[in-house]
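A.B. asks: Numbering of the sequence shown is given in the numbering used here, commencing with residue 20 and proceeding in unit increments. Even glycine gets a Cβ: it sits at the ideal position worked out from N, Cα and C. Note that the coordinates shown come from a computational prediction; the quantities given were computed from them, not determined experimentally.
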Amino acid sequence: MNKKRVRRLMLLFYCIPFVFLAMYGDALSGSMMFYGVMLAGFSLLCGIAFMTNNTNVLITGNLFSFLSSAIFTLIYLPGSEWNWYFKPLTPMFLLILITTISFLIHYTIIKLLTPL
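1. In chain order, what residues of the same chain lie with their CB nearer than 8 Å to the CB of Tyr33, ignoring the 5 residues before and after it?
2. Do Asn73 and Met42 count as a contact pair if the criterion is CB distance below 8 Å?
3. How close, in whole Å, do the beta carbons of Gly16 and Ile35 come, if the pair is a contact with beta carbons under 8 Å?
4. My assumption, with CB atoms under 8 Å, is that Val38 sits in contact with Leu114. Please give the rounded CB distance.
5. Please state whether DSSP places Leu82 in a helix, a strand or coil.
6. May I have the straight-line CA-CA distance separating His125 from Ile117, to the nearest angstrom?
7. Here's the rule: buried if 16 or more other CB atoms are within 10 angstroms of the residue's CB, otherwise exposed. What is Ser88?
8. Skipping 5 residues on each side, what residues in its chain have a beta carbon closer than 6 Å to that of Tyr54?
If you want it as structure tokens, here you go:
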């Protein structure tokens, strides 16, 4: 596969709202297993980015994942019963927190593993 096709495919997979799905699954089932699935998805995409030398996709992909998760969170927030679940945090604040931590981890990996 050529590099552009791999890049587009990775960006498409980054559009999956990983953080929203993890939070939603946690709120519905009470299991933190969904955060592990989110971590596995992000790790897999990060590994593919380094194997294919598409490290710039990590930053753009995190932005896409945040936007898709934010859209779904905003759709499910009004009138939702899961607002109480993440107390003292709101679901949107937790989304921002998890995305920021994910971005910082990816950025650190980029800086440590990319040659000068």
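C.D. replies: From the atom records:
1. Leu64, Val76, Thr79, Gly80, Asn81, Phe83, Ser84
2. In this structure, Asn73 does not lie closer than 8 Å to Met42 by Cβ.
3. What is shown of the chain runs 20 to 135, which leaves residue 16 out entirely.
4. 5 Å
5. helix
6. 12 Å
7. The residue in question, Ser88, is buried, as its Cβ has 16 or more Cβ neighbours within 10 Å.
8. Hits under 6 Å: Ala41.
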